[in-house]
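Contents: one structure, followed by commentary.
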Amino acid sequence: MPRIFPDVATADDQGLLAVSRTLTAELAFSAHCEGVFPWFEKDDTILWWAPDPRCVIPTDRAHLSRSLGKTLRDPDYRITLDMDFAATIDHCARLHGKTWITPLIRKTYTRLHQHGLAHSCELWRGQELIGGMYGVGLDKIFCGESMFSVQKSASKIVLLWLCAYLAEHGVLLLDTQFMTPHLMSMGAVEIPRQRYQTYLSEQPQRLRGNWAQSSEHPAEKIKRWF
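Shown next, in the form of structure tokens:
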């Protein structure tokens with residue numbers, strides 16, 4: 243597909259590449275395919291970013307801590323994919339505020355989900371949704387957009403299980419955009435922007451579709467991989 247955004251090498255020192263007033267599902271997907279992601283400003287301006295370095299988690303090298311291994315023993319946990327995208331993005335919006343997940347962002351990524359391009363991973367305890375993450379699935383990269391946790395360590399379980407699932411399906415990186423101490427503890431690393439670009443595929447829709455599957459306890463897959 244033809245490039246829409248400027249060469250990522252022209253981004254400024256903070257990673258800002260472009261500015262727009264427009265956001266559509268098609269534009270957002272094209273951005274991810276080019277190694278770019280959107281972020282809102284207070285005046286509804288959309289900023290497009292391509293930071294250098296880029297924070298990623300190699301999906302087969304995520305880190306399972308001993309304490310989290312004990313938490314995984316809870317028999318009431320179950321994990322799902324694409325079971326409740328709406329609730330997942332709404333939880334993320336409540337946690338992070340509408341400065342990032344605006345109604346337009348929600349509409350855009352919901353449309354991507356409807357087209358089988360954006361996905362959610364949910365952690366339940368009984369019938370309660372306690373953690374989740376959503377993002378865009380490409381060929382070799384899953385672009386994580388936001389995650390939430392309403393119980394301690396829930397988002398860590400989601401992240402680890404999703405890494406294992408992605409590794410099983412040939413996805414090499416979970417893109418987390420920027421480094422944080424929390425992500426570093428989970429095995430995140432920073433790679434040069436130029437190297438990140440080499441993982442972008444000419445077949446970004448390889449995993450298009452609904453990823454929904456029967457719910458399972460997260461421990462088996464996580465411990466099999468990590």
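Going by the numbering used here, the sequence shown opens with residue 243, and the numbers climb by one from there.
Where is the CB? At the ideal position from N, CA and C, for every residue including glycine.
In chain order, what residues of the same chain have a beta carbon less than 8 Å from the beta carbon of residue i, not counting five sequence neighbours either side?
i, result
"proline 248", "Leu259 and Ala260"
"isoleucine 288", "Val261, Ser262, Arg263, Thr264, Leu265, Pro280, Trp281 and Phe282"
"alanine 431", "The question names alanine, yet the displayed sequence has valine at residue 431. Only Cys297, Val298, Ile299 and Pro300 meet the Cβ criterion."
"methionine 428", "Ile299, Ala304, His305, Lys398, Leu401 and Leu402"
"tyrosine 319", "Leu365, Trp366, Arg367, Ile399, His459, Pro460 and Ala461"
"glutamine 445", "Asp381"
For the candidate residues the options, whose alpha-carbon lies nearest to that of residue i?
i, options, result
"leucine 414", "Leu442, Thr344, Asp316 and His333", "Leu442"
"glutamine 447", "Thr418, Thr266 and Asp381", "Asp381"
"methionine 314", "Pro423, Lys398 and Gln439", "According to the sequence displayed, residue 314 carries leucine and not methionine. Ranking Pro423, Lys398 and Gln439 by Cα distance to leucine 314 puts Lys398 first."
"glutamate 458", "Leu365, Gly429 and Leu401", "Leu365"
"alanine 335", "Gly373, Ala267 and Arg435", "Gly373"
"alanine 270", "Arg245, Asp255 and Gly257", "Arg245"
"lysine 465", "Gly311, Asp285 and Met426", "Gly311"
"threonine 422", "Pro295, Ala273 and Asp285", "Pro295"
Report buried or exposed for residue i, applying the criterion of at least 16 other Cβ atoms within 10 angstroms of its Cβ.
i, result
"glutamate 276", "buried"
"phenylalanine 390", "buried"
"histidine 424", "exposed"
Residues bridged to residue i by DSSP?
i, result
"histidine 361", "Gly377"
"histidine 455", "It should be noted that the sequence gives glutamine, not histidine, for residue 455. Per DSSP, none; premise fails for glutamine 455."
"glutamate 370", "Arg367"
"arginine 469", "Lying before the first or after the last residue shown, residue 469 is absent from the chain, which here runs from 243 to 468."
"histidine 417", "It should be noted that the sequence gives aspartate, not histidine, for residue 417. According to DSSP, which records beta bridges pairwise, aspartate 417 is partnered with Val298 and Cys385."
"valine 261", "Leu289"
"isoleucine 433", "Arg296"
"proline 280", "Trp290"
"phenylalanine 327", "Phenylalanine 327 pairs with nothing; no bridge assigned."
Who are the Cβ neighbours of residue i in its own chain at under 6 Å, not counting the five residues just before and after it?
i, result
"tryptophan 453", "Leu323, Asp324 and His361"
"threonine 344", "Phe282"
"isoleucine 331", "Arg348 and Tyr376"
"leucine 404", "Cys363"
"alanine 267", "Thr350, Arg353 and Leu354"
Would the C-beta of residue i count as close to the ligand NAP, meaning under 7 Å from any of its heavy atoms?
i, result
"alanine 304", "What this structure holds is no ligand at all, so the ligand NAP is not there to describe."
Excluding five sequence neighbours on each side, which residues of the same chain lie with their C-beta closer than 7 Å to the C-beta of residue i?
i, result
"alanine 292", "Val250, Ala253, Gly257, Leu259, Gly277, Val278 and Arg435"
"alanine 396", "Leu365, Ile372 and Gly373"
"alanine 273", "Phe247, Phe279, Pro280 and Trp290"
"threonine 418", "Cys297, Val298, Ile299, Gly386, Leu425 and Ala430"
- Item | the segment 392-411 in contact with the segment 294-303 per 3-pair CB rule at 8 Å | yes
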